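Residue numbers (the numbering used here): 2 to 479.
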C-alpha cells in the first residue's frame, strides 16, 4: 500500500450520488472541460460508487498510460453491462482485461488487419471499386445540392464488409453493420449501462432500457450470423477470403501446434464487433466533418488539389504510396482530427492497484479517462485551438512535423500506450483516400449562401463519437 500523498482535486459532490447530477450526460466532454479549467489537468470526482480520474494533459496521459511505472496498473478495463452482456464478458480487445490473453489477442487482431487491410493489394483493389462507386454516386447528382452522409455511410459500411469477407456479399451487408453500430450506441449510454448493471432483470422487461438491450442483441445476432457463422460453415483452409477467414486460420493453426492459445469462437466474434465499435462511426464522421470544414475553408481545398496535381496527376487515382509526398493533405487530416476530436473522451481505464501520479494518489479501482477534447483545444499547447490551421503541423519547409514533435505527441485521437486503437492506420488511410479521390475529381462547394451549417465541433451532435448535423453540398467536375 502506498503512503498517502495528496488527494486529487475535484468537485465535492453529494452523498451517494457524488457529482452525477453535475455532469451533462449528453455532453460529458464539455463538463470535463469546465472542471479541467477549474481544478487542473489531473482531477477526480465521485460518480455514484465510482471514483473517476480525468487527465487533461498530454504529458500526464503519456506518463499514466504509456510509461511502465503507471501503465502496468492503469490499463485495465472495468466491467460494464455492455461488456458483460453485449460483448459476452469482454472476450475481445477493446473491453478485455489487461492480461496476457488480451495482449495476445490484440497482436492477432493487428496481424489480421495488416494482412487484410491497410496497403494490402487484394484489399486495396476491392476498396478502390467501392471508392469508384462512391464517386459515381456523387457524379450522378450533377449540379444539384445533395446530402453527403448517405454516400459516405454506404462506402464505409462496404469497406468493413470487404475487410470481414474479402468482398461485399450483397446489398444488406452495410445495413447489417450499421444497424449493429446504431443499436449499440444506445446501450453505451451511461444511464442505460448503469441501470442494466445494477438491475439485470431490466433486460427482459418491457421498459425502454429493456428495449434498447434487446435491439442490441438482435443486431448482434444478425451481424454474427452473416459475418461469423456463414464464414465458419464455408471456410476452406488455404483459401482465406478476408479477416474472418484469417482468424479462423489462426484458430485452426493454434489448435494444431499450440502457438495461439487464446483464439476461441467467442473471441473471434468479439473481434468482429470490436472492428465496428472502434472504427465505423469515428471514420464516417471524421470524413464528413473534414469535408464540412473544407466547405468553410476553400483555400484548403485549392491547396490539396494543387498537391494532388503535383504528386498524383490527373491520369490515375491517388494511392497510399502517395501519402509520404503529400504533407499538406496529411496536415489537413491531422488538424481535422485535432479540431473535431471525433472521440472526445477515451473509454475508461481501471486502476488495478493504488498508484501515485504526479504526487497524487489514484485509488485502486478508480476509472481513469483521457480528456481528449480539452487536450486538443488547450491554448497553452496550440495557441489558437479554435482556428482550423493545418500549417501548425508543417515545418518551415512545408514538410510534415516528425512524429516525435510535441504537437504530434499532443494529438491523441487514437489514444496511447497498450490500449492505443488498433485500427489507427486503417482509419487514417481511408480518410486520406476518400478525401484525395473526391477532390481530384470534383471541386467541393457549399449550398446556397447562408445555408451551410457551422463547422464548430461544439455544435455537433454529442455522444461517444461527435457527429456533424447533416448538410448539403454541391460538386463541380474538374
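Backbone N, C-alpha and C fix where the C-beta goes; we use that ideal spot for every residue, glycine too. No experiment lies behind these values; they were computed from the predicted model shown.
Taking residue i as the reference, give the member of the options with the closest Cα.
i	options	result
residue 438	312, 409 and 412	312
residue 37	407, 109, 9 and 420	9
residue 391	35, 445, 302 and 460	302
residue 215	141, 181 and 423	181
residue 76	210, 299, 95 and 58	95
residue 109	289, 282, 273 and 133	273
residue 80	186, 21 and 348	348
residue 475	295, 106 and 387	295
residue 456	442, 299 and 350	299
residue 100	231, 419 and 277	419
residue 88	425, 412 and 269	269
residue 389	195, 332 and 223	332
residue 127	152, 112 and 167	167
residue 112	471, 452, 469 and 426	426
residue 50	289, 279, 97 and 366	366
Taking all protein chains shown into account, do 16 or more other C-beta atoms lie within 10 angstroms of the C-beta of residue i, making it buried, or fewer, making it exposed?
i	result
residue 398	exposed
residue 7	exposed
residue 461	buried
residue 139	buried
residue 3	Confidence is the limiting factor: at residue 3 the pLDDT is only 41, short of 50, which leaves the residue's position unreliable and the question unanswerable from this model.
residue 267	exposed
residue 199	exposed
residue 381	exposed
residue 283	buried
residue 19	buried
residue 450	exposed
residue 194	buried
residue 322	exposed
residue 5	Low local confidence applies: a pLDDT of 44 at residue 5 is under 50, so the model's placement there is unreliable, with the coordinate-based value given in what follows. Counting Cβ neighbours within 10 Å, residue 5 comes out exposed, since fewer than 16 surround it.
residue 315	exposed
Do the CB positions of residue i and residue j come within less than 8 Å of each other?
i	j	result
residue 64	residue 358	yes
residue 25	residue 17	no
residue 434	residue 319	yes
residue 308	residue 330	yes
residue 54	residue 368	yes
residue 464	residue 250	no
residue 27	residue 197	no
residue 66	residue 72	yes
residue 417	residue 62	yes
residue 291	residue 132	no
residue 430	residue 341	no
residue 177	residue 223	yes
Helix or strand or just coil, what does DSSP make of residue i?
i	result
residue 216	helix
residue 361	strand
residue 432	helix
residue 71	helix
residue 76	coil
residue 350	strand
residue 15	strand
residue 45	strand
residue 182	helix
residue 450	coil
residue 468	strand
residue 139	helix
residue 121	coil
residue 443	strand
residue 244	helix
residue 90	coil
residue 371	strand
residue 95	coil
residue 462	strand
residue 2	Model confidence at residue 2 stands at a pLDDT of 38, short of 50, so the residue's coordinates are unreliable; what they give is reported in the following sentence. Coil at residue 2, not helix or strand.
residue 389	coil
residue 66	helix
From residue i to residue j, what distance separates their C-alpha atoms?
i	j	result
residue 352	residue 467	27 Å
residue 68	residue 60	11 Å
residue 85	residue 337	34 Å
residue 377	residue 235	46 Å
residue 375	residue 78	23 Å
residue 293	residue 428	18 Å
residue 135	residue 444	15 Å
residue 171	residue 247	21 Å
residue 154	residue 15	43 Å
residue 229	residue 277	14 Å
residue 129	residue 441	14 Å
residue 219	residue 149	29 Å
residue 411	residue 370	16 Å
residue 158	residue 165	11 Å
residue 289	residue 335	15 Å
residue 472	residue 142	15 Å
Tell me, please, whether the CB atom of residue i is closer than 8 Å to any CB atom in chain B?
i	result
residue 19	In the structure shown, chain B cannot be found, because there is only a single protein chain.
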